[in-house]
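Q: Below is one structure. I have some questions about it.
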Amino acid sequence: MAGDAMTPVAVLGAMPHRPPFRFIDEILELDEDHIVAAYRFPADADFYRGHFPGNPVTPGVLLLEAMAQAGVVAHGIYLVGRDAPGGPPLLTLFTDATVEFTGMVRPGQRVLIRGRKLVFRRRLLRSVVEMTLEDGTVVCSGTLSGMGVPA
């Protein structure tokens, strides 16, 4: 039987990631089928100094990480907490991704990350995840998977 749903604040608190490597500022929507999260990439983040001098853009690997943190880790914490409240802490192992990059994120820009559950079975979550700028411009999208394992 499913337990009480975790709040977005509780999900953020349960995430193993912490600044400067947590790429979710807030969870705007969260239910069994989807998540919407937001993050503003700090204009003064150190990685912009070398990626690329004079024309800084957010590295794609960090965009992928933000997508995974929202669409797999945070949503997975919510789903596991709903199905097995009070269970042992889990770490999410990222298992695979197929992502297409179609835009860029500049220093200081805020992104919205939308994840939609495709499969959630035996602590494996597969989701379709899309990242957009605030104006709706799609930056990247794809299918990501991860599995919760005991911490």
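The number in the numbering used here is simply the position in the sequence shown, starting from 1, with 903 added. All C-beta atoms, glycine included, are put in the ideal place defined by N, C-alpha and C.
1) Look at V983 and G1051 and say whether their C-beta atoms are less than 8 Å apart.
2) Rounded to the nearest angstrom, what separates G974 and T995 at their Cα positions?
3) Which term fits F1057, buried or exposed, when burial requires 16 or more other beta carbons within 10 angstroms of its beta carbon?
4) Under three-state DSSP, which class holds I980?
5) Using CA coordinates, which residue listed in G989, P988, D949, A1000 is at the minimum distance from Q972?
6) State the CB to CB distance for the pair F944 and G1011, rounded to an integer number of angstroms; the pair is presumed to be in contact (CB under 8 Å).
7) Among V1002, P922, I930, whose alpha-carbon lies nearest the alpha-carbon of A913?
8) State the start and end residues of the unbroken beta strand (DSSP E) segment that holds E968.
A: Concretely, from the data shown:
1) What you label residue 983 is simply residue 80 of the sequence shown in a count that begins at 1. What you label residue 1051 is simply residue 148 of the sequence shown in a count that begins at 1. Yes, the Cβ-Cβ distance between V983 and G1051 is below 8 Å.
2) Position 71 of the sequence shown, counting from 1, holds the residue named residue 974. Position 92 of the sequence shown, counting from 1, holds the residue named residue 995. Distance from the CA atom of G974 to the CA atom of T995, rounded to whole angstroms, is 11 Å.
3) A question about residue 1057 goes unanswered here, because the residues of the chain that appear run from 904 up to 1054.
4) The residue labelled residue 980 in the question sits at position 77 within the sequence shown. I980 falls in the helix class under three-state DSSP.
5) Numbered from 1 along the sequence shown, position 69 holds the residue referred to as residue 972. Answer by Cα proximity: A1000.
6) Locating residue 944 in the sequence shown gives position 41, counting from the first residue. Locating residue 1011 in the sequence shown gives position 108, counting from the first residue. Taking the Cβ atoms as the reference, F944 lies roughly 7 Å from G1011, within the contact range of under 8 Å.
7) Here residue 913 refers to the residue found at position 10 when the sequence shown is read from its first residue. For the residues V1002, P922, I930, the minimum Cα distance to A913 belongs to I930.
8) Working through the sequence shown from its first residue, we reach residue 968 at position 65. Segment 963-971 is the alpha helix (DSSP H) holding E968; no beta strand (DSSP E) there.
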